[in-house]
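Asker:
Residue numbers (our numbering): 502 to 642.
Structural data, given as structure tokens:
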């Protein structure tokens, strides 16, 4: 399977600064200081099950924006990505918005969609797609 990994925006402080607000009442903690991809295992110590993660390349450009909410938690989701050679070749650093474990799926999808909108990824990272942010304000209030 080939994965299209178009580069997104460079993750600057102003771009990152608005992302915690997208989480509304579900934000547990924002880990916006990037960890090296090889050190992603450190998130396991934080017991993060549900969250939004941003993966960048060596130039700080966004390469993946995704969500985790699974039985095998955030680390399991990140490790799934590491099994893909195309991703492993460009993934350099990771940041996480830790959400409450009980975040409902509609809210999680809307949060991921809102993050995509705030970062402008829908326009510049085609053909990648993200959930819509429909109803975001009422879902996270």
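For each residue, glycine too, the CB sits at the ideal point set by N, CA and C. This one's a predicted model, so the numbers in the text were calculated from it and none came from an experiment.
1. Helix, strand or coil: which one does DSSP assign to residue 524?
2. Under 8 Å, with one C-beta from each stretch per pair, do the segment 581-589 and the segment 606-626 reach the 3-pair mark?
3. Which of the three DSSP states is assigned to residue 557 in this structure?
4. In the DSSP assignment, find the beta strand (DSSP E) that holds residue 606 and state where it starts and stops.
5. So is residue 629 buried or exposed if we call it buried at 16+ other beta carbons inside 10 Å?
6. Smallest Cα separation from residue 615: which of 641, 537, 596, 576?
7. Helix, strand or coil: which one does DSSP assign to residue 552?
Answerer: Concretely, from the data shown:
1. Indexing the chain shown from 1 puts residue 524 at position 23. Coil.
2. Taking 8 Å as the limit for Cβ pairs, the verdict is that the segment 606-626 does not touch the segment 581-589.
3. For the purposes of this step, residue 557 is taken as residue 56 along the chain shown, with counting starting at 1. Under the three-state reduction of DSSP, residue 557 is assigned to strand.
4. Taking the chain shown and counting its residues from 1, one reaches residue 606 at position 105. The continuous stretches of beta strand (DSSP E) do not include residue 606, which lies in the alpha helix (DSSP H) extending over residues 606-620.
5. Taking the chain shown and counting its residues from 1, one reaches residue 629 at position 128. Buried: at least 16 other Cβ atoms inside 10 Å.
6. Position 114 of the chain shown, counted from the start, is the residue given in the question as residue 615. Considering only alpha carbons, the answer is 641.
7. Numbered from 1 along the chain shown, position 51 holds the residue referred to as residue 552. Residue 552 falls in the strand class under three-state DSSP.
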